[in-house]
Structures are given as structure tokens and as C-alpha cells.
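A.B. asks: Going down the list, the sequences are from chains A and C. For what it's worth, my numbering labels the leading residue of the first sequence as -6, then goes sequentially. For what it's worth, my numbering labels the leading residue of the second sequence as 3, then goes sequentially. Supplied in C-alpha cells, the structure appears directly below.
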Amino acid sequence: MPKITINGKEIEFEKGMTVLQACELADVEIPRFCYHEKLSIAGNCRMCLVEMEKSPKPIASCAMPATEGMNIKTNTTLVEKARKGVMEFLLANHPLDCPVCDQGGECDLQDQSLYYGVDKSRFVENKRDVKEKYMGPLIKTQMTRCIHCTRCVRFATEVAGVPEIGAIGRGEDMQITTYLEKSMESELSANVIDLCPVGALTSKPYAFEARPWELKKTESVDVMDAVGSNIRVDTYNWEVKRILPRLNNEINEEWISDKTRYSCDGLLKQRLDVPYIKKNNKLQKSSWDEAINLLVDKIQSVQPNEIAGHIGDMINMENALSFKNFFKTLKSENLEFREKNFYINSDEKINYIFNTSIAGIEDADLILLVGTNPRHEASILNARIRKTFVQKKIPIFSIGNPGDLTYEYEIIGDSTEDIKKIVNNEHGFSQKLLSAKKPMIIIGESALELKSGGYIFEEFKKFLIKNNLINENWNGLNILVQNASTVGLLDLEILQDQKEKSSSFFDNLKNRKFKLLYLLGSDNLEFQKNDEFIVYQGSHGDRGAEIADLILPSATYTEQNGLYENLEGRIQEGKKASYPIGEALEDWKIFNRIIKKLNINEKSLNFDELRKEVLKTVKNFSEINELPKKSVIKTNNIETSFFNEKISVRELDYYYTNSISRSSKTMSECRQIRQKIKKDGTNN
Amino acid sequence: MSVKKVYDKQPKEFKFSDENLKKVEEILKRYPKKNKKSAVMPLLYLAQRQNDNWIPLAAMKYIANYLAMPYISVYEVATFYTMYNLSPVGKHFIQVCTTTPCLLRGADKIVKLCKENISPNENEISKKGNCSWMEVECLGACVSAPMVQINDDYYEDLDEKSTKEILISLINDKPLKPGSYRGRKNTSPEKILISNGEKHA
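This is the structure in C-alpha cells:
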């Protein structure tokens, strides 16, 4: 490996590194504004100047490739003077309004001017004035603070794939803006707030809410989609003030989607704080004792097989297990968690997870999307596909039309007939698929919901196994589920004897076989309410609570500990950042209360026992935060029937997918703007 | 200089004329196919020529779609260069050079005259509606400073008297001839006429 000398210390570096990266290897801190690891190099802030031997001028270390034998110094008077000079220029037009700036306390400019700046300004002229820019409901702007690092411009163009932010004008009058001040049409737009090293782009919903040092920070995971983005929940007293991304290169890198970030104001709205009982067609406040007595009466008045339970999209694994145990004591087997009846074969783990893994997408050389819109169903995963597309220009194909995905793809069909042709080697695409070394097939719920959902999955699996495209090093078979709870619940075997009774829950629900329906945080189940007694146990007064006869208030994902399994089968821990509101309780506590009341001699498990049990049950479990172990692939031939159907990608109301986001004011603002753009025709 | 303002009364549509479309094809031939967005600057200029010396937003969109670029990129280019006008200018468009050599030779007096005779502010159409003026950076004719550019022509070696004459001629729609106003031919020395090849210094 080539060697470079930094401050007299010789270190080895990898070829292709820049001087700045080499300095980081040597544990030398270089101040920077425009340079960001995940973005392209701009080299325009000049803060990273260092001295290089034989160069008369200091060099911008972020843009200079490191080469063998370079002698770099970062602690000389020349460098110090250069940094001071750059800082003085940056501050010449900066308003220095830190006391009223939301970035205060976590501002790169503030921190670096403390360490590298001068304490006085020689600039006596008037400072530049810049008009406010509108950038949508999430981003608050104060463009006089902008130092033109263009991180936001690069993010929008490179990572988000919506080139809508740009720098207009020139010189002193350069301004950062969106095209004609439209809101940015991206699911990742708010990441520019984190990227902005100054207070030019700050969070609109969080404006003037708190200072960073007042907040309690809890590291947790997101449950808005199945990706399981790593987040940090910032709370002030018991109130969740904001959610920020946590670096995890395996999953979300440094980004989170807007829904993940801004649904948090929904945690305070529409909350169920006490039990409610429907009396005279009106929901009335009640007490836990009364509510549980009523529920126990109801349970005892019906047959066990007339009781059904449906588990919602944000339930953690401990609560789900507790629910399953509760149903076992009731001797009912009617448990379900799917919102629509999509095909899942839970025989082995590779059948229902994203086997390639999110980081693994970068190795792929061909991607086929089958009935899925990753941009809405898993925005972060889509960003990774885009990253791979941009870096390697891999070909991407789709069956069904998902709309704009921020990268180019080719639609090669829209019916199951096309899939039949592909797996029988009759389609022109088969050859491309076979000639690829690491192809990925991503099957979405929209495809699995079809009558031939089973055919699509099993045939693709057979096809890949037959052609040795599922092996020790590569597994291109991927299921993209939409809910945070889905994979975990599959592992907990909520669906029992899946093959025989795959649709029995939905059929029975339709045929009014159930007398008591227990909705555990389930708001997205679409069905016609008849005379069932509906119990809704959840956190928000949403669709489920609307039709309920009895409401039991429970905690949200930020208010309790719990394990979640993301679409890759990676188990991560959500942490308690705040307390359940009012009289609300964690779900498992509620079940234990009911079991106690039912007077059944069943030992109810506490949280630690539940967690132990969960980790014991999960298939191929390796470690928390790690991918599951690989197992030998079984090749049992499952016969499925083929129907000729059209594959259409179900449109997802992105900002309105779960009870928390539906309660969020910010999300509904975003949704309104998105709908307006759709109606008026987009400008880009 | 400040950020250019986009005109508030924008035409709804813009399309290159057939004649210009032929020119566009010619321009595109200059660049490799995969880099056709390099043609953004000549195309913007062509659009400006076609549309009375200013570029409407519709034209930027049209060009962006034509070259498969994001709108904002075209917008960035159009706002960066002073050569592109984003709001209507007079039929006689006067660009006064105020960079150092011209300023030393009295460009400020020309600016003052423009303010008095045409409009009190830059980029404002005169009362009679046929002239407008703006300050620009160096036009590359320092040798005959001070100078102004009126539409496509350079008027050089100006002083207060000649400038006023020119301005009034423009207002009356009978523009005077371009060139040096001190009788110089091209940029040759004032007293001895030297043409290329003879007696050069």
C-alpha cells in the first residue's frame, strides 16, 4: 500500500483516497463544510486547507488525491492562518444570529469558528441580504446564513435523485433555492436539514421547540416501514420532539425518510389515553376494570373459534408473542397479521425476507422489480438501488408500472403471463437474467396479493435455484414487505398451518364467522363491519378505533422497549424514549391483566421472559442487529396454480400509511401538497 | 449586480421557430451525443434572440426538455450569465461597461447619462418604451474605453457629448453608427495609422 506522511507520521493508505481521508486515518482532524462522505466532492468551502511539501500554496485536502510520498502538515502556522482567513470570509456574510438560530448547539460553523476562527471581524460593510425561500412544509429556510457549501444541491441530485435544488446567480449573489420555490418532491427531502452545516435549512415542524442540549437522546429503530432505519429519538420531558437518523451503513446509511422523521408529531395527537366502551352507539370513557370485565364477559360468551385476532403494522415481537400466548389460552387459532391476503410460504426463512440484504444491493448487476414500488414502500431501500444504479449503471427492469422511481428502468411486462414466459425461458429477458452474475428479483406485496401470487414466488424461486443463482455467496430472491412487524410475526409463527388455511381468516371474516374480533394496533384491515364485537387495542384513535366497541389504550413504539425484525430478517431493538400517555399500558401488560381476570391457570410471562422466548423462536437467529444465519436451501416442489392476471402496483398513500402518520399534522400537510402537485401536473 | 428577477408576466408557451430548429440541429452536432446538455448555452442564446432579447421560463423548460436536463440546471445557467436577460429589455438595449479601465476613463458619467435620459434604474424600460440599459462587467474592449454595447454593436471612445447624442438618437429610434467616436479606425492609435505588417511597434 502506498505511504503518506502526515505531521511527520508515516501511514499507509488505500489507493484512491483523498488527502483528507488519509488524514482521518492518521487521526488528524480536518475542519470541513462542503465535504461529506456520502456525497460527491465539491471543494468549494476551502476550510480543509492543509500544507503540502513543495507546494507554495495550501491545498484543499478534500479534493486532492493522496499519492505516494506526499508530506502533509496540518499544524503549521500557514495552515492556521489559512483556516482563519477562510473562516473570516465565511463569516463576513453570515448573520451571526446564533441566539435565535435553531442550529445553535449542533452547528458546524459555530463549533469550527470556535476552534479555528478569529474572534473579530474586519468586515465593516453591510451584510448580504437574501430573501426567504419556500422549500415545502418540512424545511425552514434562512438563506442569509447559507455558506454555499452545496451539500443540499448534491444530495438532491445524487442521493434523492430529484434534481430540484440549485444555486442561482453568481458571486456574492449566489442563492440556493428550489426551482421557482416549489416544495421538493422527494421522500428523503428532510435529510438536507441534517446535511446543512449551518442554520440555513432547519426543520420547520421543530422550529424553536428545544435546544439540542436539553433533549434526552434515545437510540431506537423506526417502524414506519419494514426497512428498520436506525433512528435517534430526542425527547423533552416525555414529549418526542424530533427523530434523527443514526449512522448504519448496513441499512439506512445516514438518511431516513420524511415519514420516519416527521411522523413524530402524530405521537401526541389523537392518542387513546383511557379505555373507552361503546354505549348507546357512542364511545364513552371508562376504567381498566370495567373494560376488562366487559371483555372477559364477551370472551366467555362466545366459542373459542369465534374469536379472531388481527395484529397491526407496528407491533413489536414481544407484544405479538404475548398476544399469541393469550390466544392460545383462549384456544383460538384465528390469528392474522396480513392486511391483504398475500402469499407467504413460511417454511424456511429465505422465503419471506430480503435475502440479498440492503447493503448487498450494491453488489447486484441486474435488478428485476415485480409488482413493487420501492420508492414508496421502502424509500431508504430505493435510495440504495439508486446509489447502485448511479455508480454501476446496472440495468433495472420492472413488471408492472411503479411510476417515477428516481432512476431509469425498463418495463418488460405487466401480466403474470410475462412471468410464465420468463421462468420458462421463452421471454427475451430470461437470457439477460441468466447471463447476469448477481441478479436480484424483488417481489412486492402487490404481486403476492394476486391469485397467482404463489405461482410468482415459487416459480421464481425454482428458476433461481435451478440456474444456481441462489448459492452460498449470492441470494437474489427478495420479498419486499411493507410493514415493520411482518417478518417478525412470520418468525413467531403467528400463521399456523399456513398451507391449509391460508385464506381461512379472510374468508371467515367475510362470511361473518367471527363474533369477537380483537384488533391489536391494526388499522389497515379492510372489511365490512357486521355485528362482531370489535376490541381495538392500540395507541391512536384511527380507523381501528372508529369501528371498535371496546378500546384499550396502549403504548406506541417510542414508549416501550421491543424487538423488531426488518425485511432483511435483522432483529433490532426499539428503545423506550418516553412514557405511555394517560392510562395507556404496554400491550403485554394488558394481556396479562386479561388472563389474570379470566382465572385460567396459565403462567403469564413478563417482558424479559417474553424477549427470551422471542429470541428462542426466531429462525436462523444469529445476533441482535445482525443478519440471520444462512441455512441449506430446501428444494421441495410446491405446486401452485397459474392464473392469467394483470400485475398492477398498488398505489400507496405514502404519507398516510399508518395510524401515527395519519395523526401527524406535518404528514397531512405533505400529503396535501403531493396531491395538489398530482392534480395540477408536476413541473419537473 | 444582483440576482436577476424573473419577469412576472410570462408567456405560456415557447417553441423554436423552424429556422431556429435547423440551427439547433447544427449546434447539437458540435457536442458528443451523450453530452448534448453542453448545448444549453447556445440554445438559451438562440431562444433569447427569437424572443425579443429575453428568455421566458417557458423557453427554459422547453430547452430543459429538449436536452433532457433538470429545469433547475437550465435556470442556474440562465441566472449565472449576464448575457441572458430574464425580463424584457428595450428594442435598443444598452449595456454599459463599468469595469476598471472603462470606469477610469469615465464610465460613471455614461451611467449618469443613462439614468437621466433613459430610466432612473437599471433594467427599466424607458418612458417611450424602446430603450433600456444595464451595467455589465468587462466587454473586452478596454482599448477603446469607455464603451457601451447597444444590441450587437460596440460604441467606443465615448465622452459625455457623444453619449448623449447616441442616447437621444436611440430614443428617437434613429440610431447612430457604431464604432469609435473619436475617429479611430478599429483599435489603431489615434494619430498614426498603422495597419498590420507595417511599422509595428
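Glycine is no exception: its CB is placed at the ideal position from the N, C-alpha and C atoms.
#1: Could you check what DSSP says for residue 667 (chain A) in three-state terms: helix, strand or coil?
#2: Judging by CA-CA distance, which residue of A:454, A:550, A:598 is the nearest neighbour of residue 416 (chain A)?
#3: Closest Cβ-Cβ distance between residue 9 (chain C) and chain A: below 9 Å?
#4: Would you report the Cα separation of residue 618 (chain A) and residue 581 (chain A), rounded to the nearest angstrom?
#5: Which residue marks the beginning of the beta strand (DSSP E) containing residue 363 (chain A), and which one marks its end?
#6: Listing by chain order, which chain C residues have their CB less than 9 Å from the CB of residue 388 (chain A)?
#7: Contact between the region 385 to 397 of chain A and the region 195 to 211 of chain A: three or more CB pairs below 8 Å?
#8: To the nearest angstrom, how far is the alpha carbon of residue 157 (chain C) from that of residue 146 (chain C)?
#9: Within 10 Å of its beta-carbon, does residue 169 (chain A) have 16 or more other beta-carbons around it, so buried, or fewer, so exposed?
#10: Distance, Cα to Cα, residue 677 (chain A) vs residue 200 (chain A)?
#11: With a threshold of 9 Å between beta carbons, is residue 147 (chain A) in contact with chain C?
#12: Give every residue of the same chain whose Cβ lies closer than 7 Å to the Cβ of residue 21 (chain A), excluding the five residues on either side of it in the sequence, and list them in chain order.
#13: Quick check on DSSP: helix, strand or coil for residue 44 (chain C)?
#14: Quick check: the Cα distance between residue 25 (chain C) and residue 348 (chain A), rounded to an integer number of angstroms?
#15: Relative to the C-alpha of residue 625 (chain A), which candidate in A:632, A:635, A:613, A:636 has its C-alpha closest?
#16: Residue 285 (chain A) lies in the alpha helix (DSSP H); which residues open and close that run?
#17: Given this structure, state the Cα-to-Cα distance separating residue 203 (chain C) from residue 182 (chain C), to the nearest angstrom.
#18: Tell me, which residues are paired with residue 99 (chain C) by DSSP?
#19: Measuring straight from C-alpha to C-alpha, what distance separates residue 22 (chain C) and residue 14 (chain C)?
#20: Ends of the beta strand (DSSP E) at residue 223 (chain A)?
#21: Are the C-beta of residue 676 (chain A) and some C-beta of chain C separated by less than 9 Å?
#22: Provide the residue span of the beta strand (DSSP E) that contains residue 265 (chain A), from first to last.
#23: Entirely within the region 327 to 411 of chain A and at least 4 residues each: give me those alpha helix (DSSP H) ranges in chain order.
#24: Comparing the CB of residue 670 (chain A) with every heavy atom of the ligand FMN, is any distance shorter than 8 Å?
#25: Just confirm the distance between the C-beta atoms of residue 621 (chain A) and residue 577 (chain A), as a whole number of angstroms; I'd bet it's less than 8 Å.
#26: Quickly, what does DSSP pair residue 156 (chain C) with across the bridge? List them, please.
#27: Does the pairing of the region 502 to 509 of chain A with the region 468 to 485 of chain A give three or more beta-carbon distances under 8 Å?
#28: Quick one: give me the first and last residue of the beta strand (DSSP E) that residue 320 (chain A) is part of.
#29: Pick out the complete alpha helix (DSSP H) segments inside the region 116 to 203 of chain A, 4 residues or longer, and give them in chain order.
#30: On the three-state DSSP scale, how would you describe residue 537 (chain A)?
#31: Any contact between the region 531 to 545 of chain A and the region 333 to 344 of chain A? By contact I mean 3 or more CB pairs, one from each, below 8 Å.
#32: Would you mind telling me which residues of chain A sit closer than 8 Å to residue 16 (chain C), beta carbon to beta carbon, in chain order?
#33: Against residue 157 (chain A), what residues of chain C qualify as contacts under a CB-to-CB distance less than 9 Å, listed in chain order?
#34: Distance check for residue 95 (chain C) and residue 166 (chain C), CA to CA, integer angstroms please.
#35: Sort A:430, A:445, A:7 by Cα distance to residue 464 (chain A) and report the nearest one.
#36: In the structure shown, what three-state DSSP assignment does residue 432 (chain A) receive?
C.D. replies: Let me spell this out:
#1: Looking at residue 667 (chain A) - three-state DSSP - the assignment turns out to be helix.
#2: If you compare the alpha carbons of A:454, A:550, A:598 with that of residue 416 (chain A), the shortest gap goes to A:454.
#3: Closer than 9 Å: no.
#4: Distance between the alpha carbons of residue 618 (chain A) and residue 581 (chain A) is about 23 Å.
#5: Start and end: 359 to 363.
#6: Within chain C, no C-beta atom comes less than 9 Å from the C-beta of residue 388 (chain A); the nearest is roughly 17 Å away.
#7: The answer is no - the region 195 to 211 of chain A does not touch the region 385 to 397 of chain A, with fewer than three Cβ pairs under 8 Å.
#8: Roughly 9 Å separates the two Cα atoms.
#9: Buried is the label assigned to residue 169 (chain A), since at least 16 other Cβ atoms lie within 10 Å of its Cβ.
#10: Unreliable placement is indicated for residue 677 (chain A), whose pLDDT of 42 sits below 50; the coordinate value is still reported in the next sentence. The alpha-carbon separation between residue 677 (chain A) and residue 200 (chain A) amounts to approximately 29 Å.
#11: Using a Cβ-Cβ cut-off of 9 Å, residue 147 (chain A) does not count as an interface residue toward chain C, since no Cβ of chain C sits closer than that to its own.
#12: Taking C-beta separations shorter than 7 Å and ignoring five residues to either side along the sequence, the partners of residue 21 (chain A) in its chain run -1, 0, 67, following chain order.
#13: Collapsing the DSSP output to three states places residue 44 (chain C) in a helix.
#14: Between the alpha carbons of residue 25 (chain C) and residue 348 (chain A) lies a gap of roughly 53 Å.
#15: The shortest C-alpha separation from residue 625 (chain A) is found at A:613.
#16: Unbroken alpha helix (DSSP H) run through residue 285 (chain A): 281 to 294.
#17: At residue 203 (chain C), the pLDDT of 47 sits below 50, so the modelled position is not reliable; the number obtained from the coordinates is stated separately. Cα to Cα, the separation comes out at about 22 Å.
#18: Its beta-bridge partners are C:138.
#19: Rounded to the nearest angstrom, the two C-alpha atoms are 19 Å apart.
#20: In the DSSP annotation of this structure, the continuous segment of the beta strand (DSSP E) that includes residue 223 (chain A) starts and ends at 223 to 229.
#21: Because the pLDDT of residue 676 (chain A) is 47, which lies under 50, any placement of that residue in the model is unreliable, and the number read from its coordinates should be weighed accordingly. The beta carbon of residue 676 (chain A) sits closer than 9 Å to some beta carbon of chain C.
#22: Residue 265 (chain A) -> no beta strand (DSSP E), and no H or E assigned at all.
#23: Fully contained in the region 327 to 411 of chain A are the following alpha helix (DSSP H) runs of length 4 or more, in chain order: 367 to 370, 372 to 385.
#24: You won't find the ligand FMN in this model; it holds no ligand whatsoever.
#25: Contact flag wrong, Cβ pair sits at about 33 Å.
#26: Partner(s): C:151.
#27: Three or more beta-carbon pairs separated by less than 8 Å are not found between the region 502 to 509 of chain A and the region 468 to 485 of chain A, which leaves the two stretches without contact.
#28: Unbroken run through residue 320 (chain A) is the alpha helix (DSSP H), 310 to 323; no beta strand (DSSP E).
#29: The region 116 to 203 of chain A contains these whole alpha helix (DSSP H) runs: 144 to 147, 184 to 188.
#30: Residue state, collapsed to three classes: helix.
#31: Not touching, per the Cβ criterion.
#32: Taking a Cβ-Cβ cut-off of 8 Å, residue 16 (chain C) has no neighbours in chain A, whose nearest Cβ is about 15 Å from it.
#33: Neighbours of residue 157 (chain A) on chain C, chain order: 72, 73, 74.
#34: Cα atoms of residue 166 (chain C) and residue 95 (chain C): separation of roughly 15 Å, rounded to the nearest angstrom.
#35: Of the listed residues, the one whose Cα sits closest to residue 464 (chain A) is A:430.
#36: Residue state, collapsed to three classes: strand.
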